[in-house]
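Colleague: In this note's numbering, the protein residues as written are 1401 to 1584.
Built from N, CA and C at the ideal position, the CB exists for glycine as well.
1. For the segment 1511-1527 against the segment 1407-1421, are there 3 or more C-beta pairs whose distance is under 8 Å?
2. Measure the CB-CB distance between residue 1437 and residue 1454 and report whether it falls below 8 Å.
3. How would you label residue 1519, buried or exposed, when you count the other beta carbons within 10 angstroms and need 16 or more for buried?
4. Can you tell me whether DSSP reads residue 1440 as helix, strand or coil?
5. Tell me, please, whether the segment 1430-1448 touches the segment 1538-1555 by the rule of three or more beta-carbon pairs shorter than 8 Å.
6. List, from N- to C-terminal side, the alpha helix (DSSP H) runs of 4 residues or more that fit wholly inside the segment 1438-1500.
7. Which of the three DSSP states is assigned to residue 1566 in this structure?
8. Ignore the nearest five residues each way along the sequence and tell me which others in residue 1427's own chain have a CB closer than 6 Å to its CB.
9. Specify, as a first and last residue, the run of the alpha helix (DSSP H) that residue 1523 falls within.
Structural data, given as structure tokens:
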């Protein structure tokens, strides 16, 4: 069965090269499964490496980018499909509509915001799509600690913790998604 996976990740060029390798490794798993990548449509940093790797593995890519970023010439013009939106809010709506699952790789505040929206919406039963975080080096460890504090203080339900899967290996992400997406 073909699935579309929305991936949030860094678009910064100031990161350690290991993150680019992580994006390439993760992307190489899409083609053999016949899966589609839905991304923010950027050609730089992890976002660009991921999309190129997905295509190199035989996978399909859908980039969703706001006009303002297209104007900055950072769009993934090699995308199989490039959707141009008016703004970031419309971008997220299109990415959500086109995806069966959400995956967050390491990234900055934009990645964090996208992850938190997908996780929150899942916790509120606004969608039933799996949310997976690929975190091999503990980039999200402080976030996890903070969410645990919120659970302890009653701001977040303990059930919300079960609405996201935390993994450390790219292959583990795909195994997790396959298990969740193919279960009845």
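Modeller: So, from the listed chains and residues:
1. yes
2. If you number the chain shown from 1, residue 1437 lands on position 37. If you number the chain shown from 1, residue 1454 lands on position 54. In contact: residue 1437 and residue 1454 (Cβ atoms closer than 8 Å).
3. For this step, residue 1519 is matched to residue 119 along the chain shown. Its Cβ being crowded by 16 or more others within 10 Å, residue 1519 is buried.
4. Position 40 of the chain shown holds residue 1440. Here residue 1440 sits in coil by DSSP.
5. With the cut-off at 8 Å, the segment 1430-1448 and the segment 1538-1555 do not touch.
6. Runs of the alpha helix (DSSP H) inside the segment 1438-1500: 1445-1456, 1467-1471, 1488-1497.
7. In the chain shown, counting from the first residue as 1, residue 1566 sits at position 166. Residue state, collapsed to three classes: strand.
8. The residue you call residue 1427 lines up with position 27 of the chain shown. 1450, 1453, 1454, listed in sequence order.
9. Taking the first residue of the chain shown as 1, we reach residue 1523 at position 123. It spans 1509-1523 - the alpha helix (DSSP H) in which residue 1523 sits, taken as one unbroken run.
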